[in-house]
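Numbered per my numbering, the sequence shown spans residues 65 to 162. Glycine included, every Cβ here is placed at the ideal spot set by N, Cα and C. In this text, all values refer to a predicted model and were calculated from it rather than measured experimentally. In what follows, a single structure is set out as structure tokens and then discussed.
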Amino acid sequence: MASCVELLDALQHRAFHDPKVRRQLLATRQEKDPFGAFCRTCRELGYEIYEMDLICAGEEFHAAMKRSTNGGGENSPMLAGEDDFYELFMAGLEQESQ
């Protein structure tokens, strides 16, 4: 089973090559619950991405990155959005659309 990060990578690749998919994903930003709408759209497109999976993937990636520096003793503060895979994904799509 693919990880959430692998699914996002595959979906982003698809969205870059299929304008319809890109528009569909970007349209979720206009929903009342954009995060939930994004995850529902992912599942409709065949990518099993759920809200908590996406949140945890970002946090786990950030924690692993911090542990890998300076022998695991890194305690620097996290920058806003540094672990937010949803925002990073959408920013990439928005940039590609311009």
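- Item | Inter-residue Cα distance where the pair is R104 and V69 | 17 Å
- Query: Do you know offhand how far L118's Cα is from M154's?
  - Reply: 13 Å
- Message: If contacts are defined as beta-carbon pairs under 8 Å, then V85 and A91 qualify, I think. What distance do you get, rounded to the angstrom?
- Response: Not confirmed; about 11 Å, so no contact.
- Message: When you compare the CB positions of Y111 and L157, do they come within less than 8 Å of one another, or not?
- Response: no
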